[in-house]
Amino acid sequence: QVHLQESGPGLVKPSETLSLTCTVSGGSIGGDYWSWIRQSPGKGLEWVGYFYYGGSVLYNPSLESRVTISKGRSENQLSLRLDSVTAADTAVYYCARSTNNYEHFHAWGQGILVTVSS
Amino acid sequence: DIVLTQSPDSLAVSLGERATFTCKASQSILYSVDNKNYLAWYLQKPGQPPALLIYRASSRQSGVPDRISASGSETHFTLTINNVQAEDVALYFCQQYYDTPYTFGQGTRLEIK
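One line per chain: the protein sequences are A and B, in this order. So in the numbering used here, the last spot in the first sequence is 119, and the numbers never skip. So in the numbering used here, the last spot in the second sequence is 126, and the numbers never skip.
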């Protein structure tokens with residue numbers, strides 16, 4: 002069974018860059034779509050964007066100017082980068098898997114809380 | 014963006030009773046090519062990520078008990094839990110994947126009376 006695990010700093014200063022990694026174990030990262038989704042008390046669940054190892058990426062227009070989703074440093078890793086963060090970016094960040102775009106998310110990581118504060 | 018509005022915000026039922034949740038979409042999420050509604054339901058327990066219950070509006074995910082069912086089409090969807098158990102206490106979300114950006118409802122909290 003595929004397992005997803007998010008990692009990265011839990012505290013980021015305002016105006017700096019949030020960087021997270023999703024490590025996939027128990028299966029191949031190729032062939033599926035990998036999304037980042039965040040959850041905050043104020044905005045609920047918000048899809049950030051997806052990455053497909055076949056070569057496509059799509060972002061939520063509300064974040065597109067600040068977000069980059071790409072391959073991680075290791076073969077079975079996915080990364081998220083969010084620039085110029087503010088307190089509004091404080092959230093639990095999840096990576097999630099779907100078998101195709103325009104599909105439900107059938108597997109989620111445990112999530113990582115990222116707080117933006119000085 | 015497609016807006017999903019869930020009701021009620023919270024629901025309290027007695028053990029063994031039925032719980033019904035509603036999700037309304039701001040536009041149809043029925044895909045005409047395959048006649049499927051691109052809607053999923055998830056539950057989320059405290060400290061845990063969302064877990065898939067239902068996809069394509071009415072298909073139960075493997076392992077989900079058959080006392081949980083869902084229906085609906087186009088803009089109006091329902092999730093029903095029969096014989097509510099203590100383990101069903103959670104936050105329930107709907108999500109559309111008909112169009113990007115994918116969006117979620119604000120959630121309905123299920124409690125036991």
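For glycine and all other residues, C-beta sits at the position ideal for the given N, C-alpha and C.
Keeping to the same chain, check which residues put their C-beta closer than 8 Å to that of Val58(A); ignore five residues upstream and five downstream.
Gly50, Tyr51, Phe52, Ile70, Ser71
Determine the contact status of Leu79(A) and Tyr94(A), defining contact as a CB-CB distance below 8 Å.
no
Those residues which DSSP pairs with Ser72(B) across a bridge
Tyr68(B)
Using a Cβ cut-off of 8 Å (strictly closer), state whether Glu76(A) contacts chain B.
no
Within 10 Å of its beta-carbon, does Pro62(A) have 16 or more other beta-carbons around it, so buried, or fewer, so exposed?
exposed
In the DSSP assignment, the beta strand (DSSP E) including Ala89(A) goes from what residue to what residue?
That residue, Ala89(A), is in no beta strand (DSSP E); it is neither H nor E in DSSP.
Please identify, using Cβ separations under 8 Å, the residues of the region 48 to 80 of chain A that lie next to chain B, in order along the chain.
Trp48, Leu59, Asn61, Pro62, Ser63
My output table needs one value for Glu30(B): the three-state DSSP class, helix, strand or coil.
coil
Give me the Cα-Cα distance between Cys23(A) and Gln57(B), rounded to the nearest whole angstrom.
20 Å
Considering only C-alpha positions, which residue in the set His89(B), Tyr55(B), Asn95(B) is nearest to Tyr105(B)?
Tyr55(B)
Shortest alpha-carbon distance to Ala92(A) belongs to which of Val3(A), Gln2(A), Leu21(A)?
Leu21(A)
Simplified DSSP state of Glu100(B), which is helix, strand or coil
helix
On a CA-only basis, which of Leu5(A), Ser16(A), Asn101(A), Val25(A) is nearest Ser119(A)? Give me that one, please.
Ser16(A)
Reduced DSSP secondary structure (H/G/I, E/B, other) of Val3(A)
coil
Terminal residues of the continuous beta strand (DSSP E) containing Leu64(A)?
Element bounds for Leu64(A): n/a, residue is neither H nor E.
Do you know whose CA, among Gln98(B), Arg69(B), Gln119(B), Val97(B), lies nearest Ser20(B)'s CA?
Gln119(B)
Rounded straight-line distance, which links the Cα of Phe106(A) to that of Arg74(A):
24 Å
If I follow the unbroken beta strand (DSSP E) through Tyr55(B), where does it start and stop?
52 to 57
Between the Cα of Asn96(B) and those of Ser27(B), Val16(B), His89(B), spot the shortest distance and give me the residue it belongs to.
Ser27(B)
Run through DSSP, which three-state label would His89(B) get?
strand
As a quick exercise: from Trp109(A), Leu114(A), Val117(A), Ile113(A), pick the residue whose alpha carbon is nearest that of Gln2(A).
Trp109(A)
Within 8 Å (strictly less), CB to CB, does Leu46(A) reach chain B?
yes
Using the Cβ count rule (16 or more neighbours within 10 Å means buried), how would you classify Arg98(A)?
buried
Contact with chain B by Glu17(A), beta-carbon distance below 8 Å:
no
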